[in-house]
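Position in the sequence shown (first residue = 1) + 8 = our numbering.
Even for Gly, the Cβ is constructed at its ideal location relative to N, Cα and C.
This report concerns only the one structure given below.
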Amino acid sequence: MNTFVIVLLLVSGANTQFSFPALTADQIVGNHLKFRQNLASGGLYVQGVQLPRATNMLKTFWDWTLAANAQTYADSCPTAPSGATGYGENMHYIWTTTPASILDSYAFNAPLKWAEQLSDYGLSSLTMDATILASGVADATQMMWAKTKYVGCGVKNCGPDPTQSNKTRIVAVCHYTPKGNIIGEDIYEQGAIACSNCPAGTVCESYMGMSTSMCV
């Protein structure tokens with residue numbers, strides 16, 4: 009790796025609390041992509057019911073500006089969403105008696121926890137409405153949102169939580185653009201063939217001659 013690339017990675021990750029910024033960013037994106045690809049290809053089941061394939065699922069990429077914004081909010085040790093309107097926002101809290109000195113794993117495991125919301129609470133429709141937003145799956149549906157292309161995340165050790173006996177609170181925050189969970193819009197377009205209705209300017213990605221079910 010040349011000096012320029014090393015400096016670029018250090019600068020890119022300077023506003024996060026990740027010990028390994030580039031690696032952790034790849035892991036976070038990877039966990040999002042596995043979830044989205046599984047959904048798009050028809051492999052996602054919610055409480056025993058197979059969800060339809062997605063025809064317009066965009067591939068997700070990391071964005072360091074979003075990561076810096078997410079880190080800034082995580083640094084405030086929030087107890088509720090920011091209410092910002094320019095991007096989507098997911099939050100995950102961890103309470104532990106033995107917090108790790110390296111926080112990266114708390115961030116890249118957060119998408120796995122958000123995905124579990126579907127098995128916990130189900131999904132009543134593929135068109136977003138107030139009922140879905142209030143049902144406990146909003147983090148999962150943001151990850152499912154087909155039009156979302158970029159993600160960036162941050163994490164913060166907020167120290168001892170006075171409401172929890174001898175436990176430290178850690179918060180992970182991810183920001184997304186374009187924003188998902190818009191009432192009245194479909195979470196994704198469904199169809200018999202994954203990746204068959206990619207948005208204008210994108211094509212169905214292939215790897216070794218096989219479709220990845222992602223639009224790029």
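For residue i versus residue j, is the C-beta spacing smaller than 7 Å?
{"i": "N98", "j": "Q45", "result": "no"}
{"i": "A180", "j": "V163", "result": "yes"}
{"i": "R61", "j": "G50", "result": "yes"}
{"i": "N189", "j": "M136", "result": "yes"}
{"i": "L131", "j": "V54", "result": "yes"}
{"i": "C182", "j": "V159", "result": "yes"}
According to DSSP, simplified to helix, strand and coil, what is residue i?
{"i": "P168", "result": "strand"}
{"i": "W103", "result": "strand"}
{"i": "N189", "result": "coil"}
{"i": "V145", "result": "coil"}
{"i": "Y158", "result": "strand"}
{"i": "L74", "result": "helix"}
Which same chain residues, not among the five before or five after residue i, have their C-beta less than 6 Å away from its C-beta?
{"i": "S143", "result": "Y129"}
Can you tell me where the beta strand (DSSP E) with residue i in it begins and where it stops?
{"i": "Y215", "result": "212-215"}
{"i": "S221", "result": "218-223"}
When the Cα atoms are used, what is the spatial distance from residue i to residue j?
{"i": "W103", "j": "N165", "result": "10 Å"}
{"i": "T93", "j": "T73", "result": "16 Å"}
{"i": "D1", "j": "E124", "result": "Because the chain here runs from 9 to 224, residue 1 falls outside it and cannot be looked at."}
{"i": "T105", "j": "T176", "result": "6 Å"}
Considering just the uninterrupted stretch of the alpha helix (DSSP H) at residue i, what are its terminal residues?
{"i": "S127", "result": "112-129"}
{"i": "I36", "result": "29-48"}
Kindly list the residues whose CB is nearer than 7 Å to the CB of residue i, restricted to its own chain and excluding five residues on each side of it in sequence; keep chain order.
{"i": "S133", "result": "I140"}
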